[in-house]
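In my numbering, the protein residues as written are 1248 to 1691.
Each residue gets a CB set at the ideal place from its N, CA and C atoms; glycine is no exception.
What follows is a short report on a single structure.
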């Protein structure tokens, strides 16, 4: 390593340490477990520490992804409640920051960073999943409003959302990727029928949404009339970057944002686990990532198995490659450049890591991995009967592992994007680009 590179690394490390010191001082002065969740998120969100990657003028600190992950980790390790999770911070806020007017930013961003409103994503349809531009939900102009009719599916968190990111077709005479508009729609109005879809895990994270004569105003159009495909691609870029491997793992708040779940008026300290650790119990045998799996293998005496060791090393290597790719992107962006396709590669890497983690976890669990519990009490009984704390979490993760390669854009979609937009490979044959949507053959 050159002296210059060493100096740059040292400078970045020093800067990061100063960041942590500053944040801990702020937490010492502001964190109070007796505050309500709403009161704490108001402090955190308006300070810039809640969404440190966002612009300074819009509730952020303009930090890099790595610095942002360090901030989130510091908040969690300190024992404070992290920023509100969900699609508001992950997708809606960043997209509004890029495409919204100042009026829209003022209207929506504060309620996102303070957890006052929860969001969902109304993109996919029964006949428009991988082929999202084939969506048929219609928005028809009615004075200064639009009347929306259609059906959406795979809507994560729709049952808890106050607002939705909706893309709908506003001009069927335009070609497929044109004539689509991006709306910010009220989920509580008549005509928004949210129906949970129960998964094989026993939970219902996804929903289908039937939209019948719902209304949305002109001033809730994001990015301009007919520009919805461009705005939607921004949302998808943030989604792939947020879901993809290599960006670190933001702490997930146990409190839910928005008006539906009722957490805002509860005591903030009640949502913080002992020792500042969020999510899984400290007694859980199977931790997240390679380190947790290595410990799990040791606990059952399988850490000497050469095949399992090889698989663990492969999973660790994938994580390191993803981490270095993120550092490459950070360096490129600092130099005013980009690495085309890297968010898509990160999404593909995450899917593969999920699959490998599933297979390794089940190998460690052995025959017990065929057992699953569908509620909290049953999970406790399963853990007690098998002597494997956290087994229920392992089997649930194994069942859910089929989801990540599909949601956020399937693996096949990511490969098509890389092939066509990055490598310049020819597209699949089909109708001419300028064919009006109404004249295209529709999925059955």
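Excluding five sequence neighbours on each side, which residues of the same chain lie with their C-beta closer than 8 Å to the C-beta of residue i?
| i | result |
| --- | --- |
| residue 1565 | 1492, 1596, 1599, 1600 and 1603 |
| residue 1237 | Nothing in the structure corresponds to residue 1237, since the chain is present only between 1248 and 1691. |
| residue 1350 | 1466 |
| residue 1352 | 1305, 1343 and 1344 |
| residue 1651 | 1490, 1597, 1598 and 1601 |
| residue 1398 | 1372, 1373, 1384, 1455, 1456, 1457 and 1458 |
Alpha carbons only, please: which of the options is nearest the one belonging to residue i?
| i | options | result |
| --- | --- | --- |
| residue 1384 | 1355, 1427 and 1360 | 1427 |
| residue 1391 | 1264, 1467 and 1335 | 1467 |
| residue 1306 | 1313, 1297, 1312 and 1314 | 1297 |
| residue 1270 | 1660, 1513, 1419 and 1294 | 1294 |
| residue 1346 | 1472, 1382 and 1373 | 1472 |
| residue 1303 | 1357, 1284, 1350 and 1593 | 1357 |
| residue 1514 | 1504, 1281, 1335 and 1685 | 1281 |
| residue 1675 | 1366, 1378 and 1580 | 1378 |
| residue 1489 | 1325, 1669, 1689 and 1339 | 1339 |
| residue 1334 | 1445, 1554 and 1505 | 1505 |
| residue 1421 | 1689, 1680 and 1688 | 1680 |
| residue 1705 | 1400, 1425 and 1362 | The structure shown does not extend to residue 1705, since the chain spans only 1248 to 1691, so no value can be given for it. |
| residue 1486 | 1608, 1337 and 1618 | 1337 |
| residue 1408 | 1367, 1389 and 1372 | 1367 |
| residue 1538 | 1567, 1453 and 1388 | 1567 |
| residue 1443 | 1671, 1456, 1436 and 1609 | 1456 |
| residue 1450 | 1569, 1623 and 1685 | 1623 |
| residue 1436 | 1464, 1341 and 1687 | 1464 |
| residue 1677 | 1285, 1423 and 1279 | 1423 |
| residue 1607 | 1325, 1594 and 1553 | 1553 |
| residue 1511 | 1287, 1264, 1660 and 1402 | 1287 |
| residue 1612 | 1483, 1547, 1685 and 1572 | 1547 |
| residue 1502 | 1364, 1639 and 1582 | 1364 |
| residue 1274 | 1636, 1325 and 1265 | 1325 |
In this structure, does DSSP put residue i in helix, strand or coil?
| i | result |
| --- | --- |
| residue 1352 | helix |
| residue 1400 | strand |
| residue 1460 | strand |
| residue 1773 | Look at the range of the chain in this structure, 1248 to 1691, and you will see that residue 1773 is not part of it. |
| residue 1682 | coil |
| residue 1668 | helix |
| residue 1393 | strand |
| residue 1558 | helix |
| residue 1211 | The structure shown does not extend to residue 1211, since the chain is modelled only from 1248 to 1691, so the question has no answer here. |
| residue 1544 | helix |
| residue 1501 | coil |
| residue 1289 | helix |
| residue 1654 | coil |
| residue 1496 | Any reading at residue 1496 must be qualified, since the residue scores a pLDDT of 42, below 50, and its modelled position is unreliable; the value itself is stated next. Correct three-state label for residue 1496: coil. |
| residue 1519 | coil |
| residue 1409 | coil |
| residue 1553 | helix |
| residue 1674 | coil |
| residue 1481 | helix |
| residue 1633 | helix |
| residue 1638 | helix |
| residue 1487 | helix |
| residue 1648 | coil |
Within its chain, find whatever has a CB closer than 7 Å to the CB of residue i; leave out the 5 residues flanking it on each side and keep chain order.
| i | result |
| --- | --- |
| residue 1438 | 1458, 1459, 1460 and 1461 |
| residue 1300 | 1307, 1310, 1312 and 1315 |
| residue 1673 | none |
| residue 1470 | 1346, 1429, 1477 and 1478 |
| residue 1575 | 1586 |
| residue 1610 | 1555 |
Residues in its own chain within less than 6 Å of residue i by CB, not counting five upstream and five downstream?
| i | result |
| --- | --- |
| residue 1413 | 1369, 1430 and 1432 |
| residue 1664 | 1591 |
| residue 1290 | 1277 |
| residue 1386 | 1393, 1395, 1415 and 1417 |
| residue 1669 | 1587 and 1588 |
| residue 1619 | 1642 |
| residue 1527 | Since pLDDT at residue 1527 reaches only 37, below the 50 mark, its modelled position is unreliable, and no value is offered. |
| residue 1440 | 1457 |
| residue 1375 | 1381 and 1382 |
| residue 1689 | none |
Does residue i get closer than 8 Å to chain C when you measure Cβ to Cβ?
| i | result |
| --- | --- |
| residue 1301 | Of the protein chains in the structure, only one exists, and it is not chain C. |
Complete runs of the alpha helix (DSSP H) confined to the region 1307-1379 [at least 4 residues]: DSSP assignment within the region 1307-1379 yields the following whole alpha helix (DSSP H) runs of 4 residues or more, N-terminal first: 1312-1325, 1340-1346 and 1349-1360.
Cβ pair count under 8 Å reaching 3, the region 1624-1631 against the region 1552-1566: Because the criterion of three Cβ pairs below 8 Å is not met, the region 1624-1631 and the region 1552-1566 do not touch.
Those runs of the alpha helix (DSSP H) which lie wholly inside the region 1584-1628 and span at least 4 residues: You should have 1589-1612.
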